[in-house]
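Colleague:
There are 2 protein chains.
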Amino acid sequence: MHSGRVASRSAEPRDARESRNGGGPHLDTVSLAIIEQLQEDGRRPYAAIGKAVGLSEAAVRQRVQKLLDQGVMQIVAVTDPLTVGFRRQAMVGVNVEGDVESVADALSAMDECEYVVMTAGSFDLMVEIVCEDDDHLLEVINRRIRAVPGVRSTESFVYLRLKKQTYMWGTR
Amino acid sequence: MHSGRVASRSAEPRDARESRNGGGPHLDTVSLAIIEQLQEDGRRPYAAIGKAVGLSEAAVRQRVQKLLDQGVMQIVAVTDPLTVGFRRQAMVGVNVEGDVESVADALSAMDECEYVVMTAGSFDLMVEIVCEDDDHLLEVINRRIRAVPGVRSTESFVYLRLKKQTYMWGTR
DNA sequence: CCCCGGCTCTACGAAATCCGCAAACATCGA
DNA sequence: TCGATGTTTGCGGATTTCGTAGAGCCGGGG
Chain A
6 MHSGRVASRS
16 AEPRDARESR
26 NGGGPHLDTV
36 SLAIIEQLQE
46 DGRRPYAAIG
56 KAVGLSEAAV
66 RQRVQKLLDQ
76 GVMQIVAVTD
86 PLTVGFRRQA
96 MVGVNVEGDV
106 ESVADALSAM
116 DECEYVVMTA
126 GSFDLMVEIV
136 CEDDDHLLEV
146 INRRIRAVPG
156 VRSTESFVYL
166 RLKKQTYMWG
176 TR
Chain B
6 MHSGRVASRS
16 AEPRDARESR
26 NGGGPHLDTV
36 SLAIIEQLQE
46 DGRRPYAAIG
56 KAVGLSEAAV
66 RQRVQKLLDQ
76 GVMQIVAVTD
86 PLTVGFRRQA
96 MVGVNVEGDV
106 ESVADALSAM
116 DECEYVVMTA
126 GSFDLMVEIV
136 CEDDDHLLEV
146 INRRIRAVPG
156 VRSTESFVYL
166 RLKKQTYMWG
176 TR
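Residue numbers (the numbering used here), protein chains in the order written: chain A, 6 to 177; chain B, 6 to 177.
(1) If you drop the 5 nearest sequence neighbours on each side, which residues of the same chain put their C-beta closer than 6 Å to that of Y120 (chain A)?
(2) Helix, strand or coil for Y51 (chain B)? Go by DSSP, reduced to three states.
(3) Would you kindly work out how many angstroms separate the C-alpha atoms of E62 (chain A) and E160 (chain A), rounded to a whole number?
(4) Checking contacts by CB at 9 Å: is P154 (chain A) closer than that to chain B?
(5) What residue range is occupied by the uninterrupted beta strand (DSSP E) comprising Q170 (chain B)?
(6) Hey, how far is the Cα of W174 (chain B) from the Cα of V101 (chain B)?
(7) Can you look up Q70 (chain B) in the DSSP assignment and give me helix, strand or coil?
(8) Output yes or no for whether 9 Å exceeds the beta carbon distance between A125 (chain A) and V83 (chain B).
(9) Under 8 Å by Cβ, that's how I've got S36 (chain B) and L72 (chain B) pegged, so tell me the actual separation to the nearest angstrom.
(10) Are the beta-carbon atoms belonging to M123 (chain B) and M96 (chain B) less than 9 Å from one another?
(11) Given a cut-off of 9 Å, decide if V105 (chain B) and P154 (chain B) are closer than it, judged by their beta-carbon atoms.
(12) At 3 residues or longer, what runs of the beta strand (DSSP E) sit wholly inside the segment 96-158 of chain B?
(13) Taking only beta-carbon atoms, is A125 (chain B) less than 9 Å away from chain A?
(14) Can you check whether the C-beta of R148 (chain A) is within less than 9 Å of a C-beta belonging to chain B?
(15) Using the beta-carbon of each residue, which ones in chain B are nearer than 8 Å to T171 (chain A)?
(16) Does T84 (chain A) come out as helix, strand or coil in the three-state DSSP assignment?
(17) Grab me the residues of A64 (chain B)'s own chain with a C-beta within less than 8 Å of its C-beta, minus the 5 sequence neighbours each way, in chain order.
(18) Taking the DSSP output, what are the residues bridged to R93 (chain B)?
(19) By DSSP's criteria, M78 (chain B) is part of a beta bridge. Which residues make up the other side?
(20) At the 9 Å Cβ level, is S61 (chain A) part of the contact set with chain B, yes or no?
(21) Chain A beta carbons: is any one of them nearer than 9 Å to that of L142 (chain B)?
(22) Applying the criterion that 16 or more other CB atoms from any shown protein chain within 10 Å of the CB defines a buried residue, is L32 (chain B) buried or exposed?
(23) Nearest-angstrom Cα distance between S182 (chain B) and I150 (chain B)?
(24) Around the Cβ of T176 (chain B), are there at least 16 other Cβ atoms within 10 angstroms (buried) or fewer (exposed)?
(25) Taking I134 (chain B) as the query, report the chain A residues whose CB atoms sit under 8 Å from its CB, ordered along the chain.
Next comes the structure, spelled out in structure tokens:
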């Protein structure tokens, strides 16, 4: 019962953020607001989200489902791996000769690589890896990653302590 | 009805992963299993989790609440910022003179820093930053980060494309 | 040996939430 | 103007969440 109709989204000019998002699906202001709600609490009830963004419970539910299906967002538990028993974690900078994308795909296929991103700068790729122990770490870096065709060199940064980890860009 | 009593956790020897977790609270096998479930789907019902780990719905609920309260895990929506309207993102390697920890704290206090980790290697800190646009990125790196006392130098890696982002270390 | 405090689990009823569906509505192009 | 398409709303029933009370386990005194 939020006083009748909600103003049509297309009535207001498209939010600046909607344009040029790298090829992904278009996200309007309402979906952004929904994501923002779920960044604060991934289990917040649909009705509460609806009240916050001005939509019915069912509409929120359908939008959330679509965002999940499209891969725009995922609702998950995140932890500090070091707290949960993985004793060695590292960021690895990778230099590539040839096709960077195919190397990125190869690294993405590895379970131990939790995070893979193509970058500009003195590395072509940055990869975060999570391992059980030192032996595992050594094997992943020196045997597996360097064995990928196109990998020219790597540089490792072993994690000592995680200081911050947030996902609340929306709540600034 | 999982055949009467669940074996007391302390009956079996402590899981190897439980020890030496960096000072955080002790996590037994069951809590690990719960986290694993929520890494697959952060909204999975407590009853379903209970069936998977061999616990009642209420017990799962109480454990999850405690894990959240203790800060061991968070249940949140995660996205690719580039997909959601933030146009510039970068990893920044930082070299520090003096106390690394205090610099890490200062950087953690900045909203734009989403991820801060102390490392061993040619950088003392690695920081992931999320910005609206080029101007914002420039200001954060050149004015704010370099202005922190103790920061000797920085090197930036601007994100071109996010290839992988997972949180399912448990499901290997 | 017994009792007690602290902690965790189970049981269960009430309240809130989730879910599927059909109808209403908006938008857009023919 | 008229469909085609996609979204939102409004239900009712199934499911889940929530609070709480009581039981089981364990270790530390007395």
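Don't be surprised by glycine CBs; every beta carbon is placed ideally from N, CA and C.
Modeller: Looking at the coordinates:
(1) E133
(2) helix
(3) Going from the Cα of E62 (chain A) to the Cα of E160 (chain A) covers about 49 Å.
(4) no
(5) V156 to Q170
(6) 31 Å
(7) helix
(8) no
(9) The distance from the Cβ of S36 (chain B) to that of L72 (chain B) is about 7 Å, consistent with a contact at the 8 Å cut-off.
(10) By the CB criterion at 9 Å, M123 (chain B) and M96 (chain B) fall outside the cutoff.
(11) no
(12) 118-125 and 130-136
(13) yes
(14) no
(15) The answer, in chain order, is E119 and Y120.
(16) strand
(17) G55
(18) B:C136
(19) In the DSSP output, where bridge partners are listed per residue, M78 (chain B) has A:T84.
(20) no
(21) no
(22) buried
(23) This structure cannot settle anything about residue 182 (chain B), because the visible part of chain B is limited to 6 through 177.
(24) exposed
(25) Those do not exist, as I134 (chain B) stays about 11 Å from chain A at its closest Cβ, beyond 8 Å.
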